[in-house]
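Residue numbers (the working numbering): 1 to 406. First up is the structure itself, then whatever we jot down about it.
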Amino acid sequence: MGSSLSFSLKQARRLALAAQGFSGRQSPAPVKSGQLNRLIERLGVLQIDSVNALVRSHYLPLFSRLGAYSSELLDQAAWSQGRRRSLFEYWGHEASLLPLSMYPLLRWRMQRAAQGEGIYQQLARFGREQQDTIRRVLASVEERGALGAGSLSTRQERAGPWWDWSVEKHALEWLFAAGEVTVAGRRGFERLYDLPERVIPASVRNVALQSEADAQRGLLLHAAAALGVATEKDLRDYFRLDLAQSRGALAELVEDGALQVCEVQGWKPLAYCLPVPKMPRRVSASALLSPFDSLVWERSRTERLFDFRYRLEIYTPPAKRVFGYYVLPFLHHERIAARVDLRAERALGRLAVHAVHEEQPGLDEAGMQALADNLRQMADWLGLAQIQLNCPRASAARLRVALAGG
């Protein structure tokens, strides 16, 4: 498969950053729901994660691109009832919030889950062996409305670790994967499940069922638009498609002219992009990134695109951590220029900076000031009155000066 289109690495970065919504321009006016929804439509997916060291991960990508915004806007889009709801929860890229427009493209995944495919083996076995329990739990949801697993549990002993689920929790997870229930809301971080017909608008549920092949082509096209330029692995990872599903679909999209094969300087695999990509002259954004941001969640792509090796060290023993517990990459002017270990100390009203590590060639004075500005903006957004530097490195000393002078 030949290619007549090639990009320098700098051009590939610009395409990727622009596609991911990093324009570098944040309006001083309050963010409206329309802006938020347009950005999520563009990204296609927000990954959800339970870690709350700073703020739940699904809130951060919007802050990185839009600046300070009311988290209630996202809560309403995700979990309100009625016309304000524009998102749903499902397995997109891991547990995710997705635009309602993506619901028809994931029905095939729900059908596969109901057949025990594409889900954890333990859950698939539960689905085969515990249909009586599953039907009992579904009947409870039908009768009582939005329910969490805790309100259904019949277990008497104290629950163990998070993976030690009750049978009711297993049943709800199976029903969720199979599309027989969906998430109506959350209580704290606990999912509340209800029937899709009471949550997902009829106009979305009644869209004609697409074939698996058509839906997967649609997902790959959405990934291509969201990534700007990407390898086959990058594209299929975006919505967690497997190799067999994506390879043939990509060939068809290229043959149909919906995608174009291209080359990127220094990349061994061929890449793909939309026809006639619009090349930004520059991308001047500065932003702190969630570890689960779609710009960096595929670590090999992050290394290939930004020469930035990134590993999450939450589950690494403290003595073996290199950079810190909850480290956010700092994007500045088309490169990932630093990594910052942050924690929200809510009881003390402060944003704690436990480490600052600059990437070579380091941050110049303007870059360090941009990092300070981002930290101030984040502290304000989180309602934290102070920024506490808890690190002795020279980078932290420079950051202290930048914070004092801003």
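Backbone N, C-alpha and C define an ideal beta-carbon position, used for all residues, glycine too.
Residue i (DSSP reduced to helix, strand or coil)
i: THR231; result: strand
i: PHE7; result: strand
i: PHE88; result: strand
i: VAL322; result: coil
i: ALA370; result: helix
i: ASP272; result: It is Tyr, not Asp, that sits at residue 272 in the sequence shown. Three-state result, TYR272: strand.
i: ILE200; result: coil
i: ASP293; result: coil
i: ALA287; result: strand
i: PHE330; result: strand
i: TYR193; result: strand
i: LEU389; result: strand
i: ALA396; result: helix
Chain-order list of residues whose beta-carbon lies under 7 angstroms from that of residue i (same chain, five-residue window excluded)
i: ARG128; result: GLY116
i: VAL401; result: none
i: GLU252; result: ARG217
i: GLY349; result: LEU384, ALA385 and GLN386
i: VAL167; result: GLN130 and THR133
Inter-residue Cα distance where the pair is residue i and residue j
i: LEU106; j: SER33; result: 24 angstroms
i: ALA114; j: ILE134; result: 12 angstroms
i: CYS273; j: VAL199; result: 35 angstroms
i: PHE88; j: ARG393; result: 43 angstroms
i: LEU36; j: LEU98; result: 12 angstroms
i: LEU62; j: GLU72; result: 12 angstroms
i: LEU342; j: TRP79; result: 28 angstroms
i: HIS354; j: GLN386; result: 14 angstroms
i: PHE292; j: SER57; result: 7 angstroms
i: PHE435; j: LEU250; result: Coverage of the chain is limited to positions 1 through 406, which leaves residue 435 absent and any answer about it impossible.
i: ALA441; j: ARG85; result: In the structure as shown, the chain starts at 1 and stops at 406, and residue 441 therefore has no counterpart that could be examined.
i: ASN52; j: LEU399; result: 25 angstroms
i: PRO425; j: ALA337; result: Lying before the first or after the last residue shown, residue 425 is absent from the chain, which here runs from 1 to 406.
i: ASN374; j: SER140; result: 47 angstroms
i: ARG65; j: ARG144; result: 39 angstroms
i: LEU328; j: SER27; result: 23 angstroms
i: GLU313; j: SER23; result: 30 angstroms
i: GLU359; j: LEU305; result: 15 angstroms
i: PRO317; j: GLY324; result: 10 angstroms
i: ARG321; j: ALA124; result: 35 angstroms
i: GLY82; j: PHE176; result: 21 angstroms
Cβ-Cβ distance between residue i and residue j below 7 angstroms
i: SER395; j: VAL356; result: yes
i: GLU212; j: TRP108; result: yes
i: ALA379; j: LEU351; result: yes
i: LEU172; j: ALA184; result: no
i: VAL45; j: TYR69; result: no
i: ARG187; j: HIS93; result: no
i: SER294; j: LEU43; result: yes
i: SER8; j: GLN377; result: no
i: GLY228; j: LEU15; result: yes
i: SER6; j: GLU232; result: no
i: VAL204; j: LEU39; result: no
i: LEU382; j: PHE330; result: no
Bridge partner(s) assigned by DSSP for residue i
i: PRO99; result: LEU87
i: VAL401; result: Answer is none; VAL401 lacks a bridge partner.
i: THR316; result: DSSP lists no partner for THR316.
Own chain partners of residue i with C-beta closer than 8 angstroms, once the 5 adjacent residues on each side are dropped
i: VAL254; result: MET1, GLN260, VAL261 and TYR272
Residues near residue i in its chain [Cβ-Cβ closer than 6 angstroms; skip 5 each side]
i: ASP307; result: none
i: GLY405; result: none
i: ARG236; result: SER246
i: TRP163; result: Residue placement at TRP163 is flagged as unreliable, the pLDDT there being 41, under the threshold of 50; a coordinate-derived value is accordingly withheld.
i: ALA215; result: LEU105 and TRP108
i: GLU190; result: GLY148
i: ALA77; result: SER86 and LEU87
i: THR302; result: VAL296, PHE308 and TYR310
i: LEU60; result: SER290
CB contact check: residue i to chain C, cutoff 7 angstroms
i: ARG25; result: Structure shown: chain C not included; a single protein chain is present.
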